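Residue numbers (the working numbering): 41 to 960.
Where is the CB? At the ideal position from N, CA and C, for every residue including glycine.
Please read all numbers here as calculations on a predicted model, not as lab measurements.
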């Protein structure tokens with residue numbers, strides 16, 4: 041079972057348990073048990089690392105005080121053998137909900153004091169929510185056992201380690217956020233936004249050897265973890281990143297701690313607190329030691345996605361050192377209170393990114409004062425406008441604001457990234473290219489038409505410190521223009537042809553070839569089928585050749601880096617290296633969008649990097665590994681049980697379909713041929729049904745929708761149609777069936793030559809069984825040719841198709857099963873070089889081919905613009921008026937030829953006058 045399948049299984053379980061608990065509450069149970077399993081597995085790893093036998097492991101409990109202390113000092117906690125997750129599973133039918141309650145209670149007593157901040161009460165949400173799983177102890181036990189059976193499938197063999205849990209965790213959090221609306225959205229930042237913020241922060245921190253990072257509204261902790269992951273690209277070594285987090289809600293505070301621990305972050309580097317960030321200025325003190333440990337903690341980076349426009353209590357906050365130099369946010373909107381808290385805890389050379397509603401850019405009152413102070417104190421570095429509807433549970437426009445305590449410049453970079461996204465269900469989502477473009481713009485600090493602007497402090501002063509993005513970046517589409525002259529009398533305005541100048545510059549001679557002068561300021565098309573003409577034009581072909589030349593050697597570079605050096609690839613540095621190589625090749629080519637090229641690359645890189653990670657962590661031998669293809673099987677609706685069943689095989693790395701195409705083409709062609717014939721049969725069914733008249737469509741041999749045959753009823757209809765069919769041979773065989781004496785039968789056979797007795801298999805004595813005779817009669821009747829187009833001929837053809845279809849489906853199923861087994865044998869028998877050849881076809885060819893298609897995208901876009909321009913002025917108003925006039929005259933003439941009574945003729949005359957015709 042891979043990660044996605046496992047996550048889907050757990051999600052299916054959540055849906056089945058909704059009758060008991062809300063989906064969002066289910067998260068607390070499933071993640072709590074996942075975390076407990078994680079801790080149990082870590083402890084078992086320690087036992088085995090210390091060479092404990094299985095018998096010794098079974099005896100581990102609190103009575104061995106010294107060993108329990110030893111485990112606590114290493115892991116931060118101790119779990120007795122009887123309380124381990126695996127022990128719960130071993131109990132089978134003896135397992136009871138009391139086992140969980142006792143284990144969680146014991147866990148709280150067995151936390152090392154040094155690690156108390158990490159583990160204390162971490163299962164509190166799980167413990168207090170057990171009653172929601174059922175009204176009785178037995179019901180609760182049943183529910184928990186189902187969860188445990190699901191969670192036991194999580195692979196923890198050391199090859200996947202916590203990354204699998206991290207994946208499942210993010211999957212569940214994002215799904216619960218998507219399905220639980222605003223409440224869940226408060227503690228989950230979409231992965232893409234998190235990555236964007238982390239890339240901006242990591243770039244700023246890349247020269248540091250050790251850092252502290254902080255999220256004062258941590259929620260699930262995903263933002264903080266992504267910042268740490270991005271920074272670790274530049275900061276090497278264990279324990280070089282300290283994580284600080286504060287979260288108001290207890291259950292999400294527990295999620296932060298779980299997530300940090302599950303991601304392999306050492307407890308010594310985790311500093312997490314359950315508290316109100318605006319009321320309790322932290323990190324400032326150690327819990328329960330506030331007076332003796334009161335010391336301001338500043339960090340290298342702060343990231344946050346606080347609740348938008350939350351109410352708070354600003355009373356006496358004007359004296360708070362966080363706010364006193366800037367102002368106090370209004371009580372109905374705490375957005376700037378969170379921002380100033382973040383800024384206060386920033387080192388002089390630090391950086392912060394915060395997600396805010398875009399109203400903070402222009403709202404008045406106290407917020408205007410704070411905004412002015414931030415500008416004048418030179419704290420605001422960058423403002424990034426995000427697409428709307430990008431966060432779960434809210435469609436309001438949002439921004440990311442980047443701030444620093446000290447900056448070398450006084451201007452502000454403003455980016456309107458609101459139009460760069462893709463649809464993802466009900467929400468919008470940043471693509472890889474959108475993130476890359478924003479990060480590059482921040483890094484290079486450049487003004488880009490309709491996208492970004494570096495705005496001076498004086499300009500912002502002149503705008504009254506209003507930072508609303510449209511004031512500085514106009515990203516609106518140009519309004520469509522209509523030329524009155526061309527609209528009235530025809531032709532294409534040269535001014536609108538001029539707007540395609542970047543294309544004319546790129547394709548020399550093309551404009552002069554496809555347009556000819558019509559009058560001053562106007563042109564007309566000089567060629568038909570303009571698309572084909574553009575595609576074949578000399579400078580267009582040269583453009584594509586130039587692009588191909590730019591990528592000379594790139595395929596070999598990919599091969600050398602990713603195939604020959606597969607086990608040495610460092611994924612993140614390699615990604616940056618290849619992206620830079622692509623940019624260096626596409627940038628000199630006009631009209632090619634470097635970020636379109638990046639998106640093409642990034643989509644393939646996600647597959648490539650996933651495979652490389654498996655090869656490097658699991659061992660190169662898994663390249664020819666074949667895994668069971670497990671699918672989820674739902675039992676009856678009354679049963680909550682979900683089971684997995686095997687449905688064939690699949691390659692761990694090598695896709696079966698690709699292996700089959702490359703190495704088993706004959707078998708693939710056979711299957712394609714069968715599938716093609718089955719598709720044709722479906723079309724022939726439709727043709728027969730369409731040929732039925734209305735009476736024929738009333739028969740029971742068609743389903744209720746009249747779009748398919750009912751086989752049983754069709755056979756009955758055919759039998760009925762064949763009843764009256766006869767011939768000399770049929771009659772001879774029918775008469776034979778009436779004979780009872782063996783002697784008479786033999787004599788009858790010798791005397792009656794009308795029947796082809798040799799066409800049937802006889803008994804040893806020369807007679808024939810009744811079934812043999814009946815089958816021959818049936819065969820002869822079916823050979824009868826009814827008149828073409830008759831009802832009988834149609835239903836017989838349909839029945840013959842059903843018989844062929846059944847046979848073809850049976851053959852297809854068998855062929856597919858044979859191909860599955862053969863593919864498994866082929867994959868497992870591949871040599872290293874043969875396997876790498878398939879990997880090359882999986883990774884390199886699709887990536888390279890998609891990049892090489894970029895000029896075609898540019899040219900097709902250009903052709904679409906040309907066609908749109910031609911269509912726009914294809915029918916001038918003068919032509920339309922002439923056509924209308926001609927149509928009116930024709931109508932007037934036809935109406936004038938009508939005869940009617942006097943009263944009707946008066947009405948007809950009036951209508952003819954209305955359309956400008958002549959009355960009689």
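Helix, strand or coil for residue i per DSSP?
{"i": "residue 900", "result": "helix"}
{"i": "residue 508", "result": "coil"}
{"i": "residue 386", "result": "strand"}
{"i": "residue 431", "result": "strand"}
{"i": "residue 950", "result": "helix"}
{"i": "residue 221", "result": "Residue placement at residue 221 cannot be trusted, given a pLDDT of 46 that sits under 50; what the coordinates show is reported in the next sentence. If DSSP states are grouped into helix, strand and coil, residue 221 belongs with coil."}
{"i": "residue 374", "result": "coil"}
{"i": "residue 742", "result": "strand"}
{"i": "residue 402", "result": "coil"}
{"i": "residue 685", "result": "strand"}
{"i": "residue 117", "result": "strand"}
{"i": "residue 200", "result": "Because the pLDDT at residue 200 is just 45, under 50, the model does not fix this residue reliably, and the value given afterwards should be weighed accordingly. Residue state, collapsed to three classes: coil."}
{"i": "residue 226", "result": "Residue confidence is low: residue 226 scores 47 on pLDDT, short of 50, so the model does not pin down where it sits. No coordinate-derived value is stated."}
{"i": "residue 749", "result": "strand"}
{"i": "residue 835", "result": "helix"}
{"i": "residue 265", "result": "helix"}
{"i": "residue 275", "result": "coil"}
{"i": "residue 945", "result": "helix"}
{"i": "residue 41", "result": "Here residue 41 scores only 49 on pLDDT, less than 50, and its place in the model is too uncertain to base an answer on."}
{"i": "residue 391", "result": "strand"}
Restricting to Cα atoms, I'd like to know which of the options is closest to residue i.
{"i": "residue 854", "options": "536, 597, 714", "result": "714"}
{"i": "residue 692", "options": "650, 811, 386", "result": "650"}
{"i": "residue 890", "options": "836, 399, 595, 720", "result": "595"}
{"i": "residue 73", "options": "827, 125, 782", "result": "125"}
{"i": "residue 98", "options": "121, 523, 49, 756", "result": "121"}
{"i": "residue 140", "options": "473, 180, 511, 822", "result": "180"}
{"i": "residue 772", "options": "796, 562, 833, 694", "result": "796"}
{"i": "residue 280", "options": "255, 261, 306", "result": "306"}
{"i": "residue 382", "options": "409, 352, 337", "result": "337"}
{"i": "residue 346", "options": "373, 359, 358", "result": "373"}
With DSSP as the reference, identify every bridge partner of residue i, one or two as the case may be.
{"i": "residue 396", "result": "439"}
{"i": "residue 690", "result": "667"}
{"i": "residue 252", "result": "282"}
{"i": "residue 495", "result": "452"}
{"i": "residue 565", "result": "555"}
{"i": "residue 488", "result": "492"}
{"i": "residue 287", "result": "314"}
{"i": "residue 469", "result": "462"}
{"i": "residue 532", "result": "563"}
Would you grab the beta carbon distance between residue i and residue j for me? Rounded to a whole angstrom, and I think it's under 8 Å.
{"i": "residue 285", "j": "residue 312", "result": "5 Å"}
{"i": "residue 455", "j": "residue 441", "result": "Actually they do not touch by this definition, with Cβ atoms about 11 Å apart."}
{"i": "residue 514", "j": "residue 490", "result": "6 Å"}
{"i": "residue 162", "j": "residue 297", "result": "5 Å"}
{"i": "residue 862", "j": "residue 704", "result": "6 Å"}
{"i": "residue 587", "j": "residue 894", "result": "7 Å"}
{"i": "residue 275", "j": "residue 299", "result": "20 Å between Cβ atoms; not a contact."}
{"i": "residue 899", "j": "residue 591", "result": "In fact, because the Cβ distance is near 17 Å, the residues do not count as touching under 8 Å."}
{"i": "residue 393", "j": "residue 343", "result": "5 Å"}
{"i": "residue 702", "j": "residue 881", "result": "7 Å"}
{"i": "residue 563", "j": "residue 529", "result": "That belief does not hold up - the Cβ atoms of residue 563 and residue 529 are roughly 13 Å apart, past 8 Å."}
For the beta strand (DSSP E) containing residue i, name the first residue and the last one.
{"i": "residue 324", "result": "It is not in any beta strand (DSSP E) - residue 324 carries neither H nor E in the DSSP assignment."}
{"i": "residue 939", "result": "Unbroken run through residue 939: none, as it is neither H nor E."}
{"i": "residue 462", "result": "462-464"}
{"i": "residue 340", "result": "339-344"}
Between which two residues does the alpha helix (DSSP H) harbouring residue i extend?
{"i": "residue 423", "result": "Taken as a continuous stretch (DSSP letters only), residue 423 belongs to no alpha helix (DSSP H), being part of the beta strand (DSSP E) at 420-425."}
{"i": "residue 545", "result": "541-546"}
{"i": "residue 128", "result": "125-131"}
{"i": "residue 184", "result": "177-191"}
{"i": "residue 149", "result": "137-149"}
Measure from the C-beta of residue i to each C-beta in chain B and report whether the shortest distance is under 8 Å.
{"i": "residue 126", "result": "Checking the listed chains, one finds no chain B in this structure; it contains a single protein chain."}
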